[in-house]
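The numbering of the sequence shown is my numbering, which starts it at 10 and goes up by one.
Glycine included, C-beta positions come from ideal geometry on N, C-alpha and C.
In what follows, a single structure is set out as structure tokens and then discussed.
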Amino acid sequence: MIYLCIYGILGAVTGITNDAALSYYKIVAPQLISSLNIFNAATAILMSLMIATVHKLGYRKILLILPPMTAIFMAMTCITKNELIIMFAYTISWTAIGVYDLMYPLMWTSYVPGKIRTKMFSTVMIVNLITQTICTFLGGKAIIWFFSMLQKVSYKEASVLSAQPELMHGNILANYTNSYRILLVITAAVTMLAFILALFIHDIPRDYRSEASENHKTAADKIAMYKKLLNKKTIMWIMYIAGIQLGARLVAVYVPIYLNNYLHIPRDITSTINTFVQAAMLIGYFFAPFLEKKMGAIVSVAAGTLTCVPVMLLLANGRHLRSGMFLFVIVGILLFLRTGLANATMPIQQEVQMVIVDKDLRPAFTGVVQIAYAVVGVIDGLFTGLYLFNTTDGYANAYYIAAVIYVIASVLLLINFAKKYNRILESSHEQEQAQEES
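Below is the structure:
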């Protein structure tokens, strides 16, 4: 319950970092945004190193480290104007934020009974999305409100100005940038609430490692244990999720820029659209237990990915969808559908990733997955930074590329997993129940 509250707070923080913060960094550190996935690759590597310490430190100690780490470095991106320092601080603060996403699968797999685990995976993600959606909506409105006060104009005038940030200069640009800084400093302060809650968490070694692993093992034993990570099942799973990340990172993290800089939708309306996008994730999570039960884990995950493809092809042609309110509504609906379909099976995916390896290997496997994400991030970052995003048209063309990658990854998943592992979660739950009864 405590971690549920902590993850809710992080949802609020993410509501700002995934929307308003990216627009802020587009202004103060444009190279960071154009090569964002390279920096995200660095965070993935750091996350893999941090999550690997769970086996020794436990959940509580890590949860006490993350909030101050997030707050200090997030605030640093607002205090300095040095682009290199902003890039460094971004990498550290986003690493801390990302580790929370890795913690709950480990904790839920340890503490939650198998029968209700998929439902609880959905619950924690829903709580996170509720706070994230609210803060995304309020964040955009807050920026315009701060901007209107600093600029001494009406809210409506400030909103109109925000539609073309690339045309701002002088005092207008300074006030617009400072409105983002105010919001991010407030967000950094809110993060410390998670530190207070983490003080009340208590864990014991058997919560995060098996009792057998507490005994001294020889080097040969450890090598044999970690070799279990290198089997066909885990390698093919890593290839699938790495492929999906390769496509998703071309589009998902750049939605605010696609809306604001490519389609020239005002900043506050951009945040409203992003709010509906996150609401789509929330709605999608509700369907995860139903989909897993009716279709099986693997078929559900692949189906969710494949159904995104037609929607992404339409988003690639966003500028042809007229303008004004009609454009806002149509693009909002398309992003709502893409996000809802892509994330409806995310709780299933998270649980599958935990049950395909033994308890002692889960932190290590999570780290391996993060390293795969890092490799993907470097590829994406080089591609976007050196080529794709050299023009604003790249933010639309990214949807074409992502659609192709989604199709290839989903087909490979079905070919390699559907027949043998489609009901892997049900089998895992039955094994756990049998162990408890014995």
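Expressed to the nearest angstrom, what Euclidean distance is found between the alpha-carbon atoms of residue i and residue j?
| i | j | result |
| --- | --- | --- |
| Gly-293 | Arg-432 | 20 Å |
| Ile-424 | Val-378 | 21 Å |
| Glu-223 | Ala-51 | Since pLDDT at Glu-223 reaches only 49, below the 50 mark, its modelled position is unreliable, and the value read off the structure follows with that caveat. Going from the Cα of Glu-223 to the Cα of Ala-51 covers about 31 Å. |
| Val-338 | Arg-371 | 42 Å |
| Asp-367 | Leu-238 | 9 Å |
| Met-96 | Met-134 | 28 Å |
| Ile-278 | Ile-60 | 37 Å |
| Leu-31 | Leu-391 | 18 Å |
| Thr-316 | Ile-153 | 35 Å |
| Ser-157 | Asn-184 | 9 Å |
| Gln-287 | Leu-343 | 13 Å |
| Ile-282 | Cys-14 | 26 Å |
| Lys-128 | Tyr-113 | 13 Å |
| Lys-236 | Lys-242 | 13 Å |
| Val-194 | Gly-179 | 23 Å |
| Leu-170 | Pro-275 | 8 Å |
| Ile-94 | Gly-394 | 19 Å |
| Phe-130 | Gln-160 | 44 Å |
| Thr-145 | Val-264 | 13 Å |
| Ala-383 | Ile-54 | 6 Å |
| Tyr-430 | Ile-307 | 7 Å |
| Ile-417 | Ala-351 | 15 Å |
| Ala-412 | Leu-115 | 31 Å |
| Met-290 | Asn-27 | 14 Å |
| Ile-11 | Leu-208 | 10 Å |
| Ile-410 | Tyr-34 | 25 Å |
Kindly examine the ligand SAM and report whether one of its heavy atoms sits closer than 7 Å to the Cβ of residue i.
| i | result |
| --- | --- |
| Ala-251 | Among the ligands in the structure shown, none appear at all, so the ligand SAM cannot be discussed. |
Between residue i and the rest of its own chain, which residues show a CB-CB distance below 8 Å, the 5 nearest in sequence each way excluded?
| i | result |
| --- | --- |
| Lys-428 | none |
| Asp-212 | Gly-67, Tyr-68, Arg-69 |
Along the chain, where does the alpha helix (DSSP H) that runs through residue i open and close?
| i | result |
| --- | --- |
| Met-83 | 68 to 88 |
| Ala-251 | 241 to 260 |
| Pro-39 | 39 to 43 |
| Tyr-263 | That residue, Tyr-263, is in no alpha helix (DSSP H); it is neither H nor E in DSSP. |
| Gly-24 | 11 to 26 |
| Gln-287 | 276 to 295 |
| Gln-173 | Counting along the chain, Gln-173 falls outside any alpha helix (DSSP H), and DSSP gives it neither H nor E. |
| Val-121 | No alpha helix (DSSP H) holds Val-121; DSSP gives it neither H nor E. |
| Arg-126 | 126 to 160 |
| Asn-406 | 403 to 422 |
What does a CB cutoff of less than 6 Å around residue i pick up in its chain, not counting 5 residues either side in sequence?
| i | result |
| --- | --- |
| Ala-80 | Ala-197, Thr-200, Met-201 |
| Gly-376 | Ser-57, Ile-60, Ala-61 |
| Ile-380 | Ser-57 |
| Ala-98 | Phe-82, Met-85, Thr-86 |
| Ile-18 | Leu-202, Ala-203 |
| Met-245 | Asn-425 |
| Val-385 | Ala-251, Gln-254, Leu-255 |
Return the chain-ordered list of same chain residues with a C-beta closer than 7 Å to the C-beta of residue i, the five sequence neighbours on each side being excluded.
| i | result |
| --- | --- |
| Gln-173 | His-273 |
| Ile-414 | Gly-252, Leu-255, Gly-256 |
| Asn-46 | Arg-258, Gly-386, Asp-389, Gly-390, Thr-393 |
Would you call the segment 314 to 327 and the segment 397 to 417 in contact, with 3 or more CB pairs under 8 Å? Taking a cut-off of 8 Å on C-beta distances, the segment 314 to 327 touches the segment 397 to 417, as three or more cross pairs fall below it.
Whole runs of the alpha helix (DSSP H) within the segment 319 to 398, excluding any shorter than 4 residues: With a minimum length of 4 residues, the continuous alpha helix (DSSP H) runs that stay inside the segment 319 to 398 are 333 to 352, 355 to 364, 371 to 395.
Do the segment 133 to 144 and the segment 14 to 33 touch if we need at least three Cβ pairs shorter than 8 Å? Counting Cβ pairs under 8 Å, three or more are found: they touch.
So, do the segment 306 to 319 and the segment 412 to 426 have three or more beta carbon pairs nearer to each other than 8 Å? The segment 306 to 319 is in contact with the segment 412 to 426.
Segment contact, 8 Å Cβ cut-off, at least three pairs: the segment 339 to 356 with the segment 296 to 304: A contact exists between the segment 339 to 356 and the segment 296 to 304.
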